[in-house]
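Undergrad: According to the numbering used here, the stretch in the sequence shown is residues 5 to 410, in order.
Each residue gets a CB set at the ideal place from its N, CA and C atoms; glycine is no exception.
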Amino acid sequence: MKQKFDDLALFGGPAEFPQPLCVGRPTVGDRSRFLERLNGALDEQWLTNGGPLVREFEERVAEVAGTRNAVATCNATMALQLLYMATELTGEVIMSPMTYVATAHAARILGLTPVFCDIDPATGCLDPRAAEAAVTSRTSAIVPVHLWGRPSAIDELEKVADRHGLRLLFDAAHALGCTYQGRPIGGFGGAEVFSFHATKVVNSFEGGAVVTDDDDLAGRLRSLRSFGFGPDGNSQRTGTNAKMSEAAAAMGLTSLEAFGETVLHNRANLAHYASELAGLDGVQVVTYDEDQSPNCQYVVVKVDENVTGIHRDLLMRVLAEENIVTQRYFSPACHQVEPYRTERPVELPHTERLAGQVLALPTGPTVTAADIRRVCAVVRCAVGQGPVVTDRFRQGADRAPVRATR
Ligand code: T4K
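#1: Any idea if A408 is buried or exposed, counting beta-carbon neighbours within 10 angstroms, 16 or more meaning buried?
#2: Whole angstroms are fine: how far does the CA of N53 sit from the CA of D402?
#3: If you follow the alpha helix (DSSP H) that S227 is in, where does it begin and where does it stop?
#4: Which of helix, strand or coil does DSSP assign to V184?
#5: In angstroms, rounded to a whole number, what distance separates the CA positions of S173 and S208?
#6: Note down the Cα distance separating R410 from R332, rounded to an integer number of angstroms.
#7: Can you tell which of A359, D375, L274, L86 has the C-alpha that lies nearest to the C-alpha of L221?
#8: Identify, in the order they occur along the chain, each residue of the same chain with its Cβ nearer than 8 angstroms to the Cβ of V350, setting aside the five sequence neighbours on each side.
#9: What's the call for S239, buried or exposed, on a 16-neighbour Cβ count within 10 Å?
#10: Heavy atom of ligand 1 less than 7 angstroms from the Cβ of Y333, yes or no?
#11: Only counting runs of 4 or more residues, tell me where the alpha helix (DSSP H) segments fall wholly within the stretch 236-274, in order along the chain.
#12: Below 7 angstroms, is the gap between the Cβ of Y184 and the nearest heavy atom of ligand 1?
#13: In angstroms with no decimal places, state the Cα-to-Cα distance between G286 and D308.
#14: The beta strand (DSSP E) with K306 in it runs from where to where?
#15: Since S156 contacts L130 with CB under 8 angstroms, what's their CB separation in whole angstroms?
#16: Near Y70, what residues of its chain come up, given a Cβ to Cβ distance below 8 angstroms and the 5 sequence neighbours on each side ignored?
#17: Does the beta-carbon of R101, which I'm using as the reference point, lie nearer than 7 angstroms to any heavy atom of ligand 1?
#18: Taking the C-alpha atoms as reference points, what is the distance between A374 and A278?
#19: For the alpha helix (DSSP H) that contains N43, what are its first and last residues?
#20: Contact defined as beta carbons within less than 8 angstroms: I believe L358 pairs with M102. What is the distance between those atoms, to the nearest angstrom?
#21: Using the C-alpha atoms, what's the distance from E326 back to C26?
#22: Which same chain residues, not among the five before or five after N310, have their C-beta less than 7 angstroms away from its C-beta?
#23: Counting along the chain, where does the beta strand (DSSP E) carrying G368 start and finish?
#24: Check whether the Cβ of C26 lies closer than 7 angstroms to any heavy atom of ligand 1, and answer yes or no.
#25: I'd like the span of the alpha helix (DSSP H) that includes V68, first residue to last.
#26: Counting C-beta neighbours from all protein chains within 10 Å, is the total for N43 16 or more, i.e. buried, or is it exposed?
#27: Would you kindly work out how many angstroms separate the C-alpha atoms of D10 and L365, rounded to a whole number?
#28: Reducing DSSP to helix, strand and coil, say where M99 ends up.
#29: Unbroken beta strand (DSSP E) runs of length 3 or more, entirely within the stretch 103-146: which are they?
#30: If F38 sits next to A254, beta carbons under 8 angstroms apart, how far is it from one beta carbon to the other, in whole angstroms?
#31: Let's test the definition: count the other Cβ atoms within 10 Å of the Cβ of S36 and tell me whether it reaches 16, buried, or not, exposed.
#32: Beta-carbon within less than 6 angstroms of R316's beta-carbon, same chain only, minus the 5 sequence neighbours each way: which residues are those?
#33: Given that a residue counts as buried once 16 or more other Cβ atoms are within 10 Å of its Cβ, and exposed if not, what is E196?
#34: Terminal residues of the continuous alpha helix (DSSP H) containing R171?
#35: For Q7, which residues in the same chain have their Cβ closer than 7 angstroms to its Cβ, ignoring the five residues on either side in sequence?
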């Protein structure tokens with residue numbers, strides 16, 4: 005285990021891991037079951053356009069979400085876009101800035117204006133009071149994000165949306181299987197959107213779904229994802245192609261079968277991180293309320309440079325040199341990137357503070373307790389000598405080239 009700062013690979017020591025240990029490794033489940041499903045599709049010669057695997061995947065996702073409908077798509081970005089189209093949003097859409105650019109880009113590409121409001125620093129999710137203060141005569145919807153699977157302040161946001169006659173649509177990309185007040189995420193607001201990207205808790209290579217209890221909305225979404233055709237095959241409206249393929253659904257079904265096991269492993273990993281990093285000043289492991297059934301797909305630490313003497317970005321660099329590949333979910337925040345920062349500059353202090361501190365550490369079924377002990381030893385080594393590591397790095401004395409980050 006590394007102890008002295010010059011044990012760090014950044015300063016010439018050997019890397020802790022010979023191969024990259026990454027955030028976001030796919031959760032595959034039983035590979036033979038996946039291949040069986042894929043072979044079945046090849047045998048049937050039915051590969052897309054609402055095939056049996058996609059229909060089965062939609063049923064399973066709707067069960068997890070507790071909703072009447074799940075409309076599977078090629079990814080969550082298109083699911084958001086279809087949802088904004090199907091609900092006929094106009095003008096401004098209030099949203100959380102602590103998100104992936106997809107939440108905003110899906111709106112902007114339709115000519116809508118994303119309006120970013122500050123987060124509640126205690127949760128990282130949209131602050132309902134900030135959202136209400138941003139409502140104008142042009143606002144048509146609020147799109148909160150269940151950041152890292154932690155539910156937004158749903159009750160309060162519903163009240164704001166109701167008071168102003170706005171749509172409430174949730175970006176639930178991270179929150180499959182999580183609950184709010186005992187009810188599964190999926191059935192809140194007008195609709196919610198899950199992502200099944202390779203890095204998500206359930207993976208379908210690429211994939212997404214809109215879940216909703218609104219049958220009419222689900223019908224419009226199905227039509228929009230398939231060129232605007234209706235169930236009778238006649239064109240009803242302008243649509244696009246956002247269908248999920250059978251191969252993606254085969255992966256999604258298989259990964260979903262492993263969901264329970266994945267979550268147990270993720271929860272144990274989070275507990276290991278919390279115990280290994282306990283008492284390390286300036287490094288706080290983000291934890292979740294057990295009664296919200298967290299899927300713990302993201303192990304995030306907040307690094308307070310004022311206390312540690314090392315900035316989050318330098319810690320990220322230190323870890324990368326050790327072959328520990330971390331991610332800044334989400335930094336810079338969405339309002340800090342183009343085109344938003346130029347088009348609609350806004351200062352959101354709580355968001356900016358959080359975005360400056362967050363670092364997601366490797367987890368998932370392939371990451372073991374022993375891996376976590378080694379990752380945390382590197383973190384302790386670097387943070388425990390934060391000012392020295394920072395000074396030494398600034399002097400640039402022993403700078404080594406950055407290792408590949410994936
Ligand atoms: N809303 C929210 C709140 C979201 O977070 C996202 C997506 C969306 C909406 C839109 O969902 P999708 O349209 O994607 O379904 C990744 C994902 O591409 C993105 O899906 C995800 N959020 C975002 C949080 O993370 P990057 O830029 O971090 O991906 P990348 O390629 O750098 O990979 C991240 C890590 O995962 C690396 O350490 C390597 C590892 N990885 C990645 C892939 C693709 C693997 O080990 N295997 C793989 O196959 O965006």
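TA: If we stick to the structure as given:
#1: Bear in mind that the predicted position of A408 carries a pLDDT of just 45, short of 50, making it too unreliable to give a figure here.
#2: Because the pLDDT at D402 is just 47, under 50, the model does not fix this residue reliably, and the point stays unresolved.
#3: 219-229
#4: One point to set straight first is that residue 184 is Tyr, not Val, in the sequence displayed. Y184 falls in the strand class under three-state DSSP.
#5: The question names Ser, but residue 173 in the sequence shown is Leu. Whole-angstrom Cα-Cα distance: 23 angstroms.
#6: Any reading at R410 must be qualified, since the residue scores a pLDDT of 47, below 50, and its modelled position is unreliable; the value itself is stated next. Taking the straight line joining both Cα atoms gives about 14 angstroms.
#7: L86
#8: F120, H339
#9: exposed
#10: yes
#11: 250-261
#12: no
#13: 5 angstroms
#14: 303-307
#15: 6 angstroms
#16: Per the sequence shown, residue 70 should be read as Gly rather than Tyr. Taken in chain order, the residues that qualify are R187, P188, G190, G191.
#17: Per the sequence shown, the amino acid found at residue 101 is Pro instead of Arg. Checking every heavy atom of ligand 1 against the Cβ of P101, none is found closer than 7 angstroms.
#18: 14 angstroms
#19: 35-48
#20: 6 angstroms
#21: 11 angstroms
#22: none
#23: From DSSP, G368 is part of no beta strand (DSSP E); its letter is neither H nor E.
#24: yes
#25: 56-69
#26: exposed
#27: 22 angstroms
#28: strand
#29: 117-120
#30: 6 angstroms
#31: exposed
#32: V307, Q361, L363
#33: buried
#34: From DSSP, R171 is part of no alpha helix (DSSP H) but of the beta strand (DSSP E) over 171-175.
#35: C385
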